[in-house]
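Trainee:
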Amino acid sequence: MLVATVESYKKFLSVKYPSHYELFCNRLDSKPESARAEAVTFSLLRSLFEDVAIAEDVMTGGADFLCETESGKIIVEVTCAEGEAVAAQSGWPNGVPEDGSGGSFGLITHMLRTKASEKAPQLSGYKMPRVLAITCEHIAADILLGPLGAEMFFTSDIKITVPIATGEPVDEKTHLTTDLKDSVFFRFRNGIVEPCRQSISAILLVSIFADKSLIVGILHPHPQHVLPISLLPSVPFLQITKWSPENYVIEAEWVIHSPKPAAFYHQEVTFKDKELRNI
């Protein structure tokens, strides 16, 4: 179904957005994962919103999609973490070893934070909630971009801190810490935890597979424009429990208990009645 989604999106662009069609075809040849990310995200947004339009200007750029419904509208920018780069950073090969062996791996928090930093300026200036969708086709995308990956992306990778030579029981002082180095929405400045990348209202982590996409979300604790999660009701979002953090403690929670990524099966992009009337 992934191929069908891409081909149908390609056809849609050729009819409704000819100039974007040419760019998409070029991207499909030069950066196929990036092109598929665009097509898949457009398709799944069409299942959630009444109207999804191409927002990017071929000359000046801008975010990718404008999504509207009776309840509101959002702007969406799409970027992808390519499989080879993900394999290199995580240490998890993008395929099943012939001998069936396993091994250790790491999360890709730094790569995700870099993607967000690159796209934050592109999402500024819109007078509505702005959403960044980061996709990945790696074989382990649902783990690297799943609930655990989202939690580490929120706070940066955590460490277990064990004070020594304090004279107190170790188990009473052992705790989790983070330096916020790769946190997408927090940073330390002058000894204070403050928000950053406030042009991004929320992030969607999208794991793309042959038949479906799996999605979890992260809400910015103090964005320029708040995203009403009712616009994306099936997506589990990670959020801070209280802003601002007290005593350097960041407590996060999922809006649903025991979060499970939302599954969106790939669908072909078809023309709606009003679009057919305007062709």
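Residue numbers (this note's numbering): 1035 to 1313. Ideal Cβ positions, reconstructed from N, Cα and C, are used throughout, including at glycine. These numbers come from a predicted model, not from an experiment.
#1: Would you check if the distance between the CB atom of VAL1074 and the CB atom of THR1039 is smaller than 8 Å?
#2: According to DSSP, is LEU1036 part of a helix, a strand, or is it coil?
#3: Secondary structure at SER1241, three-state DSSP: helix, strand or coil?
#4: Taking LEU1265 as the reference, which of LYS1153, VAL1165 and GLU1116 has the closest Cα?
#5: With the cut-off set at 8 Å, would you say ASP1307 and LEU1248 are in Cβ contact?
#6: Does THR1304 come out as helix, strand or coil in the three-state DSSP assignment?
#7: If you compare alpha carbons, which of PHE1305, ASN1312 and ARG1311 is closest to LYS1045?
#8: So what does DSSP say about GLY1095, is it helix, strand or coil?
#9: What is the C-beta distance between GLU1067 and GLU1152, in whole angstroms, given that I count them as a contact (C-beta under 8 Å)?
#10: Going along the chain, which residues of its own chain have a beta-carbon closer than 8 Å to the beta-carbon of ASP982, five neighbours each way excluded?
#11: Relative to the C-alpha of GLU1280, which candidate in PHE1271, GLY1225 and GLN1156 has its C-alpha closest?
#12: Quick check on ILE1168 - is its C-beta less than 8 Å from some C-beta in chain D?
#13: Less than 8 Å separating the beta-carbons of THR1169 and ILE1242?
#14: Is any non-hydrogen atom of the ligand NAP found closer than 7 Å to the C-beta of GLU1116, if you look at the structure I gave you?
#15: Within the same chain, show all residues whose beta-carbon is closer than 7 Å to that of TRP1277, passing over the 5 residues directly before and after it, in chain order.
#16: In this structure, does DSSP put GLN1273 in helix, strand or coil?
#17: Closer than 8 Å by C-beta to ALA1097: which residues in its own chain qualify, once you throw out the five before and the five after it? Chain order, please.
#18: If you follow the alpha helix (DSSP H) that THR1143 is in, where does it begin and where does it stop?
#19: For GLU1084, which option in MET1162, ASP1213 and SER1105 has the closest C-alpha, if you only look at C-alpha atoms?
#20: Using only alpha-carbon positions, find the residue among GLY1137, SER1138 and LYS1065 that is nearest to ALA1115.
#21: What residue ranges within the segment 1073-1131 form continuous alpha helix (DSSP H) runs of no fewer than 4 residues, ordered along the chain?
#22: Just to confirm the assignment, what range does the alpha helix (DSSP H) spanning PRO1052 have?
Mentor: Taking the structure as given:
#1: yes
#2: Of the three classes helix, strand and coil, the one that applies to LEU1036 here is helix, per DSSP.
#3: If DSSP states are grouped into helix, strand and coil, SER1241 belongs with the strands.
#4: The residue with the shortest Cα to Cα distance from LEU1265 is VAL1165.
#5: no
#6: coil
#7: PHE1305
#8: strand
#9: Not really, about 16 Å apart at Cβ, beyond 8 Å.
#10: Absent from the structure is residue 982, since the part of the chain shown begins at 1035 and ends at 1313.
#11: Looking at the Cα atoms, GLY1225 is the closest of the given residues.
#12: Of the protein chains in this structure there is only one, and it is not chain D.
#13: In contact: THR1169 and ILE1242 (Cβ atoms closer than 8 Å).
#14: As presented, the structure is devoid of all ligands, the ligand NAP included, so that no description of it is given.
#15: PRO1255 and HIS1256
#16: strand
#17: ALA1089, GLU1090, ILE1109, VAL1110, GLU1111, GLN1156, LEU1157, TYR1160 and ARG1164
#18: 1143-1153
#19: SER1105
#20: Closest option to ALA1115, Cα to Cα, is LYS1065.
#21: 1117-1124
#22: 1052-1064
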